Amino acid sequence: MEPMRTIGYICPKCGKAVVANRTVFALQAGPAAAVCDCGDSEFISETDGLRFRLTVPCGICGGEHIAEVDAKAMLQGPGIALSCPDTKQLCCYIGEEGRVNAAMRELEITAGKLKDPEESHFADSLIMYEILSELRDIAGRDGISCTCGSHAYAMEVRPGAVDLVCKQCGGKLRLPAATDEDLDQLCCHYTLTIKGRKAEETGEN
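All the letters of the sequence shown, read from the start, carry residue numbers 29 to 233 under our numbering.
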């Protein structure tokens, strides 16, 4: 089986974690990219054989950064963490799949806290961590949609809840995220449906 590397970052536009797997051969062969489903951010990797030049979308400051890393660190070992030069917070992780997935779950929480500093205290950090992990699993099977027909959404993390906001119509679904019961309730759902603005206005269920 060909060696793989996983790339993870938070999209500065929609706030979703972007995780992509690429073979070591593909990374060495030439430019490689990881694009968010929303189409508004793109991680780019280029190499001269000795070093990699990376274009990294930053979900922490909302901008884009350029980083250079050693080829060995990029292609081997547990992984490398890249930080936002403005905030010094982790903004991208490249390496073994398990480590990247764990880093992305934590980064989703961090990005949500920094997005709204006044709402940076979670009712229960562990519950929030598990809620975000479950939402990622649901999203991974394309299980989040809106009654308006869109599957594009943004995620807003609050102290005791997570809001899923439709990017097309602005409809919102608030998911409580403070107790074990909130987590159990979410785990019962294979899919989640946001009530679109039109449905809200007409009172449709």
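From the three backbone atoms N, C-alpha and C, an ideal C-beta is built for every residue, glycine too. Quick caveat: nothing in here was measured; it's all calculated off a predicted structure.
Identity of the residue in the options nearest residue i by Cα
{"i": "Cys179", "options": "Ala167, Thr75, Val190, Arg50", "result": "In the sequence as displayed, the identity of residue 179 is His instead of Cys. Nearest option by C-alpha distance: Ala167."}
{"i": "Leu82", "options": "Gly67, Asp152, Leu55", "result": "Leu55"}
{"i": "Leu201", "options": "Leu163, Gly67, Arg79, Ile72", "result": "Leu163"}
{"i": "Ile161", "options": "Ala101, Ala131, Ser173, Pro187", "result": "Rather than Ile, the amino acid found at residue 161 in this sequence is Ser. Of the candidates Ala101, Ala131, Ser173, Pro187, the one whose C-alpha sits nearest the C-alpha of Ser161 is Ala131."}
{"i": "Lys226", "options": "Thr175, Ala189, Cys215", "result": "Thr175"}
{"i": "His93", "options": "Ala99, Arg79, Leu103, Phe71", "result": "Phe71"}
{"i": "Gly123", "options": "Ser173, Val63, Thr51", "result": "Thr51"}
For residue j and residue i, believed in contact at Cβ under 8 angstroms, the rounded distance
{"i": "Leu118", "j": "Ala95", "result": "About 12 angstroms; that fails the 8 angstroms criterion."}
{"i": "Ser73", "j": "Cys39", "result": "Not quite, the Cβ-Cβ distance comes to about 17 angstroms (not below 8 angstroms), so this is no contact."}
{"i": "Arg79", "j": "Ala99", "result": "6 angstroms"}
{"i": "Val128", "j": "Val47", "result": "6 angstroms"}
Residue i, buried or exposed, once every other Cβ within 10 Å from all chains shown has been counted against 16
{"i": "Glu146", "result": "Because the pLDDT at Glu146 is just 47, under 50, the model does not fix this residue reliably, and the value given afterwards should be weighed accordingly. It counts as exposed."}
{"i": "Thr115", "result": "exposed"}
{"i": "Lys44", "result": "buried"}
{"i": "Gly87", "result": "buried"}
{"i": "Asn156", "result": "It is Met, not Asn, that sits at residue 156 in the sequence shown. That one is buried."}
{"i": "Thr230", "result": "Bear in mind that a pLDDT of 49 at Thr230, under 50, signals an unreliable position, so the model cannot answer this."}
{"i": "Cys42", "result": "buried"}
{"i": "Asp210", "result": "buried"}
{"i": "Tyr218", "result": "exposed"}
In DSSP terms, what residue i is bridged to
{"i": "Phe71", "result": "Ala62"}
{"i": "Pro85", "result": "Glu92"}
{"i": "Asn49", "result": "Thr34"}
Along the chain, which unbroken stretches of the alpha helix (DSSP H) at least 4 residues long are found entirely within the region 174-215? 208-215
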